[in-house]
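Below you'll find the structure, written out as structure tokens, and then a few comments.
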Amino acid sequence: VLAAAPRDFKRVCDHLVNCGAAAVRARFADPARALHAFNAGVVVFDLDRWRRRRLAADVERWVATNAAADPPIYRLGSNPPLVLAVGEDWARLDPRWNCMRGIHRQHPHNTACWRDAFVRHYPGGAKPWAMAPADAAALGWRFPRRAACAADLERRAERGEALVALAAARAAPARAGDASDAALDAARGDRLEALGRLAEAAAARGGGGGAARAAAALAARAAAPRAPERRAAPSFPATARGLARAAAFLDEHGYAVVRSAAAPAECEAILGMLWDWLEGLGTGLDRGDAATWVDGRWPLAAGASGAIPARE
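Mind the numbering: the sequence shown is residues 372 to 683 in our numbering, read in order.
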């Protein structure tokens, strides 16, 4: 019913399950032979067989049985009830799909696959992404520390919010159907506020780069207010959650959205469509800047006043 990376170094009856418990003996004639340890972090499920055997309910029964047992049948989280529910109905994956290397203890069965591992698993409380770079490098970790990644994402989010605020300000008069001087002045003020946020973000990073060029271009455009045009958005696949949020944003601000039931296109093509739309609003960004602020996230996923709700 599933395939998983085995844990042959760990005997179920010694480490995971109290095989002497009455409930275990009632289910398995020889628990030590029938039960095998595997890691549930990388698992492939046969969902049809899983449903036919009603194994979700079986897992829940083991959880309830354990909660009522004294002493408990098992003590370690979610893995033991899955092992008990599946029994012998599982297939072995190559150990390289979950190759473990503990910080304080090593298991030769797992560390032998470390160099050629498909997935490296760091068990225990000590994680390399929270360690000093030199210590993390000794464990084969070549990526930035979590704090550095979080700071970079925060800077990118600030820049994205400023761009979305600008787009919303330009769309506001068209949505309201009011192109009066007062409405245009209000929209211009919102655009200048968004511009200021964008320029501040660029200055905080030391100036220069795409954000600074964008701020300069927007400042030149803001000198003369103009009525925003109603533009048709590109076709967005309805199956991509991020694009659904973008479509909801466009709907809210008066743009025509064409939804497609086709499978989502490749990421580059989708980002290209979104970029074309933003370019049409006249943000003043160079096309080469797309990757510096999109960064794998849809550019319209968050607004100036918070997350944009996805709409069915």
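All residues carry an ideal CB built from backbone N, CA and C; glycine is no exception.
DSSP places residue 442 outside both helix and strand once states are collapsed to three, so it counts as coil. Taking C-beta separations shorter than 6 angstroms and ignoring five residues to either side along the sequence, the partners of residue 421 in its chain run 372, following chain order. C-alpha of residue 444 to C-alpha of residue 376: approximately 23 angstroms in a straight line. One thing to note: residue 450 has its Cβ no nearer than 8 angstroms to the Cβ of residue 413. The beta carbon of residue 506 sits closer than 8 angstroms to those of 499, all from its chain and outside the five residues before and after it, given in chain order.
In the three-state scheme derived from DSSP, where H, G and I count as helix and E and B as strand, residue 484 is classed as coil. Residue 406 is a Cβ neighbour of residue 454, given a cutoff of 8 angstroms.
Burial state of residue 488 is buried, judged by a 10 Å Cβ sphere holding 16 or more other Cβ atoms.
By the C-beta density criterion, residue 501 is exposed, having fewer than 16 other C-beta atoms within 10 angstroms. Under the 10 Å beta carbon count, residue 415 is surrounded by fewer than 16 other beta carbons and is classified as exposed.
Around the beta-carbon of residue 409, 16 or more other beta-carbon atoms lie within 10 Å, marking it buried. The alpha-carbon of residue 503 is positioned some 18 angstroms away from that of residue 494. Residue 461 sits in a strand when the DSSP states are folded into three classes. Looking at the DSSP output, residue 492 shares a beta bridge with 471.
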